[in-house]
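J.:
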Amino acid sequence: MNPNLPIEQISGIGKYTVYKLKRLEIKTLADLIYHFPFRYEDFSYNTQTSNLINGQKVTLKGNIWTIKNIRAKSGKFLTLATLADSSGVVNIVWFNQPYIIKTLKPGTYVSVSGKVQIEYKKPKLLSPTYEILRERTQLPQTLHTGRLVPIYPETEGLTSKWLRSKIASILPRYTAEVTDFLPKEVSKRQNLINLNQALTKIHFPKSIEDVNAARRRLSFDELFTLQLAAAQRRKKWQKERRAYKFTVEKTKFEEFLKNLPFALTSAQQRAVAEILKDLQRETPANRLLEGDVGSGKTVVAATAAYFAHQNNMLTLLAAPTEILAYQHQKTLEELLRPHNIKIGIWTAAKKEDGDIVCGTHALLISFKPKREVGLVVVDEQHRFGVAQRGKLASSDKQGKSPHILTMTATPIPRTLALTLYGDLDLSVLDEMPIGRQKIQTHVVPNFKRSAAYKFIEDQVRENRQAFIITPFVEPSESMATVKAAVDEFEKLKEIFSNRANTGKIKLGLLHGRLKSKDKQQVMADFKKKKFDILVATPVVEVGIDIPNATVMMIESADRFGLAQLHQLRGRVGRGKHKSYCLLFTDSNSVNSLKRLKSMENIYIGFELAELDLKTRGPGEIFGLKQSGYVNLKIADISNQVLVAQTQKEAQLIIDKDPSLKEFKNLSQKLKSLKQDYIQPN
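Per our numbering, the very first residue in the sequence shown carries number 6; after that it's consecutive.
1. Between which two residues does the alpha helix (DSSP H) containing residue 22 stretch?
2. Measuring CB to CB, does residue 340 end up less than 8 Å from residue 361?
3. DSSP state of residue 483, grouped into three classes?
4. With a cut-off of 8 Å on the beta carbons, I'd call residue 465 and residue 537 a contact; round off their distance for me.
5. Under DSSP, the alpha helix (DSSP H) around residue 93 begins and ends at which residues?
6. Per DSSP, residue 664 is paired with what?
7. Output needed for residue 667: all residues of its chain with C-beta closer than 7 Å, excluding positions within five of it in sequence on either side, in chain order.
8. Cutting at 7 Å between CB atoms, please list the residues of its own chain near residue 102, excluding the five before and the five after it.
9. Residues in its own chain within less than 7 Å of residue 486 by CB, not counting five upstream and five downstream?
10. For residue 20, count neighbouring C-beta atoms within 10 Å of its own C-beta (all shown protein chains included) and say buried if the count is 16 or more, exposed if not.
11. Taking the alpha-carbon of residue 189 as reference, which of 198, 181 and 182 has the nearest alpha-carbon?
12. Indicate the three-state DSSP secondary structure (helix, strand or coil) for residue 300 in the structure shown.
13. Using 10 angstroms around the beta-carbon of residue 556, count the other beta-carbons present and answer buried if the total reaches 16, otherwise exposed.
14. Pair every Cβ in the region 250 to 258 with every Cβ in the region 315 to 331, then say whether three or more of these pairs are closer than 8 Å.
15. Please name the residue, chosen from 87, 423, 672 and 16, that lies closest to residue 642 on a Cα-to-Cα basis.
16. Can you round the beta-carbon distance between residue 58 and residue 154 to whole angstroms, since I take them to be within the 8 Å contact cut?
17. When you compare only the Cα positions, how much space is there between residue 295 and residue 599?
18. To the nearest angstrom, how far is the alpha carbon of residue 358 from that of residue 320?
19. Residue ranges of each alpha helix (DSSP H) run of no fewer than 4 residues wholly in the region 176 to 232, ordered along the chain?
20. Helix, strand or coil for residue 338, going by three-state DSSP, please let me know.
21. Indicate whether the contact test is met: 3 or more Cβ pairs, each with one atom in the region 377 to 384 and one in the region 405 to 422, closer than 8 Å.
22. For residue 266, does the count of other Cβ atoms within 10 angstroms reach 16, so buried, or fall short, so exposed?
23. With a cut-off of 8 Å, do at least 3 Cβ pairs link the region 609 to 622 to the region 413 to 427?
24. If I'm right that residue 442 touches residue 566 with Cβ under 8 Å, what's the distance once you round it to whole angstroms?
25. Output the boundary residues of the beta strand (DSSP E) element that contains residue 124.
26. Below 7 Å CB to CB, which residues in the same chain sit around residue 374 once its five sequence neighbours on both sides are set aside?
27. What is the rounded straight-line gap between the Cα of residue 236 and the Cα of residue 589?
28. So, for residue 637: in the same chain, excluding its five sequence neighbours on each side, which residues have a beta-carbon less than 6 Å away from its beta-carbon?
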């Protein structure tokens with residue numbers, strides 16, 4: 006069976022069912038087979054009606070003795086039945102399912118599974134799962150009862166029972182024809198079951214041991230293929246690419262450090278040493294510089310750019326927004342002023358060349374370098390497309406590629422970094438510069454909202470500024486309780502105009518739908534203190550520096566990942582004044598509140614990211630449920646042991662056969678993967 010067979014072409018699946026399946030991201034046969042259960046109901050205890058214990062999950066087999074529908078006072082139907090086996094009789098109740106009476110006629114031999122409830126010494130089952138017992142070719146005697154029953158992610162109108170039945174009808178043929186791409190040597194070393202066994206056992210296990218063995222094999226597959234693709238890209242990069250080899254003079258380095266307005270932290274010193282070592286090689290650097298908000302990544306990049314200039318090479322710094330590009334230009338001008346290095350800017354609105362050119366996507370479209378580009382710095386690379394990043398890394402007329410330094414303030418846990426950026430070298434700034442203070446963080450109940458506005462007003466009276474963040478630009482009908490920037494801006498203008506006793510409090514509005522020049526103007530005005538409060542969407546999340554801002558108030562905070570909340574929090578506390586982060590939520594979920602409460606005690610981005618990774622998955626690290634980076638169906642990317650095992654096995658295979666000529670099935674599997682990375686050209 007072709008794994009890529011469109012779901013529309015599978016027998017027995019109608020047009021409306023196709024629509025529902027696609028809501029679950031099931032578009033092909035393989036998508037259906039790889040739609041794994043997220044839990045199992047244990048109905049494997051088969052017993053008789055005379056042995057029932059209150060609260061126990063059981064399976065009973067017997068004949069329907071009586072069955073009838075009655076209408077309750079509420080107008081809904083109750084289906085009352087009795088089931089008899091050789092030891093006695095039990096009552097069964099189904100709620101609002103009158104159609105059951107057409108299927109379960111008296112005398113029908115059935116298997117029912119559910120939870121026992123005993124009242125007045127009489128046992129009954131409430132809304133149990135049932136199935137009529139009959140012979141099935143190549144299938145277990147029961148699918149929905151009497152076993153570990155898989156429960157799948159569902160959508161309206163598409164139940165686990167339907168998914169079980171459809172997968173059971175397709176699975177035997179699929180597993181008989183599926184090719185196991187994992188090399189036998191890897192399976193043997195890691196003691197893994199084969200692929201067709203894993204697929205059978207994940208859907209229809211006979212025991213918890215079956216589930217565990219299947220999960221381990223399928224999890225290994227997901228991480229191993231990601232690691233293998235990364236190792237192959239790294240090998241190809243090292244083999245095919247050549248860079249300009251920089252000279253790094255010790256005296257020049259000492260002079261550079263001497264002219265900095267501050268001393269580097271030990272983490273910055275370590276990162277600088279790693280990057281300068283890269284620049285002195287003929288293989289182009291491909292390094293990720295990961296650092297918490299405010300950890301000082303820009304000065305590390307400035308050091309590399311300084312030595313590019315010393316080697317008569319151009320540096321390009323690509324930022325995801327104009328606001329950030331201008332900010333980088335200003336920071337680099339301050340850091341490199343003693344060295345007479347011109348910092349240019351290249352955006353849609355302004356084009357100015359220099360020794361170092363900071364810019365946006367416009368760098369890719371209209372910038373024509375007048376000399377060799379020796380270094381490319383990409384800030385928050387996951388905000389650029391694959392083709393865009395590939396163009397930045399492309400070779401010049403001499404066949405030389407620039408050294409690539411990627412920076413991110415997104416705190417990425419080590420296991421995720423190893424998998425997501427396995428082809429990059431990693432430098433981590435895990436130490437904050439002296440003087441950065443902790444931002445006092447509180448999850449604030451809604452009844453204290455007025456007090457929060459009063460607190461912001463008091464801060465403004467002390468000549469401070471504040472951010473108020475909402476998830477959306479405009480209100481959403483489907484999310485009526487979630488605040489939106491445009492509406493909130495109008496409401497807050499009225500609230501603060503009514504509260505202002507001494508002088509007018511001015512508000513500004515910033516969101517992604519504004520034109521670039523308008524965004525730039527809003528941020529410039531806020532920095533110049535032309536208004537006191539900025540109401541914004543998360544467009545302020547990345548890199549914006551307003552030292553006078555002391556309050557970050559975030560509405561509907563449960564809508565954000567912890568890593569994203571941490572980055573938003575990092576927009577304040579950048580000056581000398583004590584700063585605060587106020588988190589509001591309308592969610593009553595205990596888990597959601599517990600997650601937000603962690604912000605009150607954890608100030609290290611990596612720890613928060615680890616927590617989100619375990620509870621909400623890798624997509625949350627980037628503030629998106631489906632980031633396009635890692636869309637794992639079963640593997641736990643926080644499993645350090647499995648990540649290490651898959652990385653080791655992937656490297657062994659690539660060292661042995663970089664092009665995978667001896668591993669054709671594995672090579673084919675890699676080609677089918679949808680990857681997102683800095684793509685070599």
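For each residue, glycine too, the CB sits at the ideal point set by N, CA and C.
T.: Reading from the atomic positions:
1. 20 to 28
2. no
3. Because residue 483 carries a pLDDT of 44, less than 50, the predicted location of this residue cannot be relied on, and the following value inherits that uncertainty. Three-state result, residue 483: coil.
4. 5 Å
5. Not the alpha helix (DSSP H): residue 93 falls in the beta strand (DSSP E), residues 93 to 100.
6. For residue 664, which the question treats as bridged, DSSP gives no partner whatsoever.
7. none
8. 84
9. For residue 486, the pLDDT reaches just 46, beneath the cut-off of 50, and the residue's location in the model is therefore unreliable, although a value from the coordinates is still provided. Excluding residues within five positions, the ones whose Cβ falls inside 7 Å are 591.
10. exposed
11. 198
12. coil
13. buried
14. yes
15. 423
16. Their Cβ separation, rounded to whole angstroms, is 20 Å, which puts residue 58 and residue 154 out of contact at 8 Å.
17. 27 Å
18. 11 Å
19. 189 to 195 and 200 to 208
20. helix
21. yes
22. exposed
23. yes
24. Not confirmed; about 24 Å, so no contact.
25. 114 to 124
26. 319
27. 43 Å
28. 227
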